[in-house]
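Sequential numbering of the sequence shown, starting at 616, is according to our numbering.
Worksheet: the structure to be examined is printed underneath.
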Amino acid sequence: MTTPRDPQSDPADGAPFHAPAPYGPQAGAGSAAGGLPAPYGPRVGAGAAVGDPPPPQTTVSPGPPTADPRWARPAFLALLLATGVLYLCNLHASGYANSFYSAAVQAGSQSWKAFFFGSLDAANAITVDKPPAALWPMALSVRLFGLNSWAILVPEVLMGVGTVAVVHASVRRRSGHGAALLAGAVLALTPVAALMFRFNNPDALLALLMAVACHLVVRALEDGRTRWLVWAGVAVGFAFLTKTLQAFLILPALAAVYAVCAPVRPRKRFAQLALATVALVVSGGWWVAVVELWPASSRPYIGGSQNNSFLELTFGYNGLGRLNGDETGSVGGGGAPGGGGRWGETGWDRMFNDDIGGQISWLLPAALILLVAGLVLSRKAGRTDVTRAAFLVWGGSLLTTAVVFSFMAGIFHQYYTVALAPYVAAVTGMGAAALWHRRRETVAALTLAATVTATAAWGYVLLHRTPDYLPWLRWLVLVGGLTAALGLVFAGRAGRRVVLAAAGLGVAASLAGPAAYTLSTVREGHSGSIVTAGPASTGMGGGPGGGGGPQNGTPPGADGNGPSQTGGFPGGGPGQDGFGAPPGADGTTPPGGAGTTTEAPGQGPHGGGAGMGGLLGGTDVDAEARELLEAGAAGHTWAAAAVGAQNAASYQLATGEPVMAIGGFNGTDPSPTLAQFQQYVKDGRIHYFVSGGGAGAGGGGTGRGGGSGTGAASRITAWVQSHFTHVTAGSVTFYDLTRPTSDS
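Given below as structure tokens:
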């Protein structure tokens, strides 16, 4: 065995050192994949039978086995196959899902410029209010396979399968195959994961990249190689291009763990972290630099910003504003910590409340217990112990993200919590394995039993929030969990079959609730800007196919009620990132209102809720309206213009022609100005104006556009109504911008 080097005095600066036995890697032909044997202590041989009691030891877990058991690879492939089949089931029911992003995907499949910038239309009027990385895989898919629901959503499913594979790989290296399978199953059956890996919001790619970053940091902690840390920086950089500053939530935990636990000298640790930071800046900053340096006159307006600046969007509305609620032009956040507001209650229990608990928290109590248990069991390990470092990486990411989500006062939606799913799964798998390998010790057995008890009790509480949904299941979960816990109490003294039966029953009871919610999620289509997993709970107005309803008060709207499926918003607040408004100032019925029955191509069954004048969900487009726009599209840059991105997206997806989204997502971005719009009309670049729309259309309260009825969209609406002839197609009113009224 090679003599260990002293990390403080080793003259070979930059070379990784190994801690002395029993904590450092042990040489031998039986090393695990990647050349890494058990992190410390006795290792389990390849021939050990599943369930055989381990020899007395002081380790947390046996680490990677010396050889893969025969069942390991088939079980792993079965896990990935089952995840893929589950997520593909009934995928078409969601149609275009969030038409806001689907319209940008369509535009990117038609124009490389729109692809690069993330424009909402192929004529590049305005971008989405996020960077475009999440749009790129879908746009490439649509270029290859044409515009349809499967081409848009299958890439999201593949991201889900990939995330399960990454978590499995990371857990397997430290805790073995059984723990990895458990972690993969926990992730795949998390309701919000099943929702977002079948939906076209940016969160699917974000979750995948965050899991990759954690896995790569753990790899770097194993051998101290710089390349793993640099690639982790690249993953975080592309995560920034997916959902901006949310990607940075886990950076403090990752950097701190590596700075303390890396198996190299201190000087090299900080040099490696510096290189990883450079990789992050380059991979996440190249696109930002191009956009900021590109002449504003020849690129689309940056949606969601007030000054046509991506940096302003990043650090304001999509950045610090999400934390303190001071979002420029928004209607306010969630209020002070511990209080209520438009985005729901903030505080330490936010992840467990009626609005969010059923999405993510099924295994969250177990993960917290197991995280503490893993750290306690490894308290005597050396500084460079990789198993403990893995707990710190995944657990630290879980805690930092959960704390920010719990106390952020700005815009917050239930589906954001998918970011927690990989962390919960990894910690659960590693922690369960750590205790299982120590099950002969009374404290470990009692902790296992307490974990199963807490999980079953919390599952009962969550299922009780939907009393009409499988009412028998909550009792089955509770009784099964308590029975399993009783068996685990005697894990050190009971026979092998009894112990295995208790463990199997405990896993089944723990996963039954989230599995039921996941199946409920898969059975239904989901569309609109705000979607939730599982059946409707007592604290939510949503459920399958739609977003949560008001939590604290009634959302603004023409009738004082939020839409039931695609238009609700949690906490009684705005839409996706904006503010609801009644129909247009002219009093006409907004698109998708009463009388609209024809679905846009690819639109799912729940896609017809043009909530808040089309602000929150895609609208149904009449055949007459579609024919009108298609017939008049030739010779014009935009077939039509509509206030609000969801409103415009529906007509664009229905016709395949570019439709200008005035004011961006909620109609309150200052683009285009009235003067710019008038010039477009003068040049014959826009044919029709669609009546009704988002918050900026008029009479709809404050917004980024400058107040009630005074924003650019409101001024454009008033000018069009007073100067051009209106026509009716189906139930929708259009203004023909090529036919001025006699008065004008």
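All C-beta atoms, glycine included, are put in the ideal place defined by N, C-alpha and C.
| message | What does DSSP give as the partner residue(s) for residue 1253 in the beta ladder? | response | DSSP lists 1301 as the bridge partner or partners of residue 1253.
| Validate contact between the stretch 687-699 and the stretch 786-799 using beta carbons, cut 8 Å, 3 pairs | yes
| task | Within the stretch 1241-1294, note down every full beta strand (DSSP E) run reaching 3 residues or more, in order along the chain. | result | 1253-1258, 1274-1277
| query | For the putative contact between residue 1088 and residue 1127, defined by C-beta atoms under 8 Å, what is the C-beta separation to the nearest angstrom? | reply | 6 Å
| message | Among the candidates 1067, 1242, 1234, whose CA atom is the shortest distance from the CA of residue 1261? | response | 1234
| request: Could you give the DSSP three-state label for residue 1352: helix, strand or coil? | output: strand
| field | Run of the beta strand (DSSP E) containing residue 1341, from where it starts to where it stops | value | Residues 1339-1344.
| field | For residue 1347, the three-state DSSP class (helix, strand or coil) | value | strand
| DSSP three-state assignment for residue 1357, whether helix, strand or coil | coil
| task | Could you tell me the distance, in whole angstroms, from the CA atom of residue 1020 to the CA atom of residue 1032? | result | 8 Å
| Per-residue DSSP class, three states only, for residue 1307 | The answer is strand: DSSP assigns residue 1307 an E or B state.
| query | In whole angstroms, what is the alpha-carbon distance linking residue 963 and residue 981? | reply | 16 Å
| Run through DSSP, which three-state label would residue 1075 get? | DSSP, read as helix, strand or coil, puts residue 1075 in helix.
| query | For residue 1344, which residues from the same chain have a beta carbon less than 6 Å from its beta carbon, with the 5 sequence-adjacent residues on both sides left out? | reply | Within the same chain, residue 1344 has close Cβ partners 1239, 1240, 1243.
| residue 1051 burial status per 10 Å Cβ neighbour count (16 or more: buried) | buried
| request: Classify residue 1012 as helix, strand or coil using the three-state DSSP reduction. | output: helix
| task | Please name the residue in 967, 1066, 966, 744 whose C-alpha comes closest to that of residue 989. | result | Checking every option, the nearest Cα to that of residue 989 belongs to 1066.
| Looking at the unbroken alpha helix (DSSP H) that takes in residue 823, where does it start and where does it end? | Start and end: 818-838.
| Nearest-angstrom Cα separation, counted from residue 1023 out to residue 861 | 12 Å
| message | Assuming contact is defined by CB atoms lying nearer than 8 Å, are residue 857 and residue 820 in contact in what I supplied? | response | yes
| Are the CB atoms of residue 762 and residue 724 nearer to each other than 8 Å? | yes
| Buried versus exposed, by CB contacts within 10 Å (16 or more), residue 907 | Residue 907 should be labelled exposed.
| Own chain residues within Cβ distance below 8 Å of residue 888, not counting five before or after | 844, 870, 873, 874
| query | Taking the alpha-carbon positions, what's the residue 1307 to residue 921 distance? | reply | 22 Å
| DSSP state of residue 724, grouped into three classes? | helix
| query | Where do the ends of the alpha helix (DSSP H) carrying residue 704 lie? | reply | Unbroken run through residue 704: none, as it is neither H nor E.
| query | How should residue 744 be labelled, buried or exposed, when 16 other C-beta atoms within 10 angstroms of its C-beta is the threshold for buried? | reply | Under the 10 Å beta carbon count, residue 744 is surrounded by 16 or more other beta carbons and is classified as buried.
| Burial state of residue 1287, where buried means 16 or more other Cβ atoms lie within 10 Å | buried
| task | Report the rounded CA-to-CA distance for residue 1139 versus residue 1258, giving the unit in angstroms. | result | 29 Å
| What span of residues does the alpha helix (DSSP H) with residue 974 cover, start to end? | Where residue 974 is concerned, the enclosing alpha helix (DSSP H) stretches over 972-975.
| field | Reduced DSSP category for residue 1026 - H, G, I as helix; E, B as strand; rest coil | value | Residue 1026: coil per DSSP, three-state reduction.
| query | Considering only the beta carbon of each residue, do residue 1341 and residue 1332 sit closer than 8 Å? | reply | no
| message | I'd like the list of long-range same chain contacts for residue 730, defined as Cβ closer than 6 Å, with 5 residues on each side in sequence excluded. | response | 723, 754
| Same chain only: Cβ atoms within 6 Å of residue 848, ignoring 5 sequence neighbours per side | 891, 894, 895
| query | Exposed or buried, what is residue 842 when buried is set at 16 or more other beta-carbons lying within 10 Å of its beta-carbon? | reply | Exposed, by the Cβ-count rule.
| field | Three-state secondary structure assigned by DSSP to residue 742 | value | strand
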